[in-house]
């Protein structure tokens, strides 16, 4: 009884203090209170619901049966839009706060919302080695389904909440991308509802122009309703090698060397300062030394980037065996290192052991509850960017980042970029090794100004024939945007499929002017 009274008294005092200070003040300066009391429990409940729903669908085998019916409903909505005179553009009815990106585009309020309730795994075909899924299937859902069957997709982008639709219409990358390319390059087929309401299947051989134009189009050519993705056999563990490296030139040289080794199944770099980094390379294996197994995905374990930093501080190499699914989602619990700003004590051992099982809060809930004050604060004093550049330009890129934003750690992820048609391809006629440089956090440069600093980074990326991931803040003009991306196939398809009255152009959908 006494503990309950103490808890009640504490909550009452907290509410009185929040009322005195104002809810906005608490959400901006003490957001962790709201996250711990409300968002973490809600996130757990949402996870329990999602897992239970997936289990029921799997047991009843209901997803394939309901898929056709749901697609027909989407087609009916599009045809009704046409019947009503095509007065506004169309977009998915999924709320903007549901997406993993930081933006909440205002176009959702003015466009015709087409509701797409497609969130199930439809089929695992081990003979053809493909999995057929609906667009709202998440990476967490997919690995939980495939790994026990002995399979995985070749490229498993980091965060649990990332969806197949977002990774197809935008892009996705993982530390196996130096072998397999981007997420789009592991896809075998797309099923798309077009602006006239028709359903089309596209592959590299059938409707190939649409197949190559869909990635990076951000839903401006049609509505994705299913995708077929390659699957490959999976092993139980990843043997991960950690190598601390000092000196920028040495960092870039060692990272490039490891990225070029095809025997490495996974390659990743975490850059902790201009002159310090840890390069990691891994291989899939079923053989382990049990004394070296580290189940990094357990809730009480240190956040992965902090764990990696220990090798840098100790200045020693190391080898660990990590359960495969734990490795795939190693940055999920800390949302890379973004959660450090929201829960400064989140990596404290006491917090991890008592409440780590509730972490992380859902990114969608963080967005939903952030409020205008926090949104503006993040926009002006926070960077979330992924820039893709030829690996030969990595040293110059890190120097540019250090000068313009000075955000650490930086995430380095290599990928092979095939010379395929579409918005993104190498400058030459051959495949080229690129690297994604991810920067997430608060800039430490005194002269940082969101628009000017980001434009400087965008200018550099264009100059080396690189690309900016489109989930992030884009400050480029239309001309600069189409200087970065190849518009030829995209605009050809826009015209052929009569998209001009149905969907906004991709630039208008992702630019800053369209978001706020």
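Residue numbers (the numbering used here): 563 to 1078.
Virtual Cβ for every residue (Gly too), placed ideally from N, Cα, C.
Item                                                                                                                    : Value
Nearest-angstrom Cβ-Cβ length linking residue 859 and residue 827, presumed shorter than 8 Å                            : Contact flag wrong, Cβ pair sits at about 18 Å.
Residue 841 in three-state terms, based on DSSP                                                                         : strand
C-beta atoms of residue 669 and residue 1066 nearer than 8 Å                                                            : yes
8 Å contact criterion, which residue 732 and residue 778 should meet: CB distance rounded                               : 7 Å
C-alpha gap between residue 721 and residue 808, whole angstroms                                                        : 29 Å
For residue 943, the first and last residue of its enclosing alpha helix (DSSP H)                                       : 933-943
Buried or exposed by the 16-neighbour rule on C-beta atoms within 10 Å, applied to residue 1043                         : buried
Residue from 691, 855, 696, 729 with nearest C-alpha to residue 711                                                     : 691
Span separating the alpha-carbon of residue 594 from that of residue 602                                                : 10 Å
Beta-carbon proximity of residue 734 to residue 716, cut-off 8 Å                                                        : no
Three-state class that DSSP yields for residue 714 in the structure shown                                               : strand
Bridge-paired residues (DSSP) for residue 653                                                                           : 675
Among 813, 825, 1059, nearest to residue 956 - alpha-carbon criterion                                                   : 813
Pairwise C-alpha distance: residue 914 and residue 1068                                                                 : 41 Å
Cross-strand partners of residue 792 (DSSP beta bridge)                                                                 : 692
Neighbourhood of residue 927 by C-beta, 7 Å cutoff - its chain only, sequence neighbours within 5 removed               : 601, 604, 605
Spatial neighbours of residue 1060 in its chain, beta-carbon cut-off 6 Å, leaving aside the 5 residues before and after : 757
Segment contact, 8 Å Cβ cut-off, at least three pairs: the stretch 995-1008 with the stretch 940-951                    : yes
Where the beta strand (DSSP E) through residue 885 begins and ends                                                      : 880-885
Endpoints, beta strand (DSSP E) assigned at residue 991                                                                 : First-last for residue 991: undefined, no H or E at that position.
Pick from 1058, 1072, 844 that is closest to residue 769, judged by C-alpha positions                                   : 1058
CB of residue 596 within 8 Å of CB of residue 931, strictly                                                             : yes
Among 912, 904, 919, nearest to residue 929 - alpha-carbon criterion                                                    : 904
One or two residues paired with residue 999 in a DSSP bridge                                                            : 949, 974
Own chain, CB closer than 8 Å to residue 743, minus 5 neighbours either side, in chain order                            : 717, 977, 978, 979, 980
Residue 642, buried or exposed, once every other Cβ within 10 Å from all chains shown has been counted against 16       : exposed
Straight-line gap, residue 998 to residue 646 (C-alpha atoms, nearest Å)                                                : 44 Å
Per-residue DSSP class, three states only, for residue 735                                                              : coil
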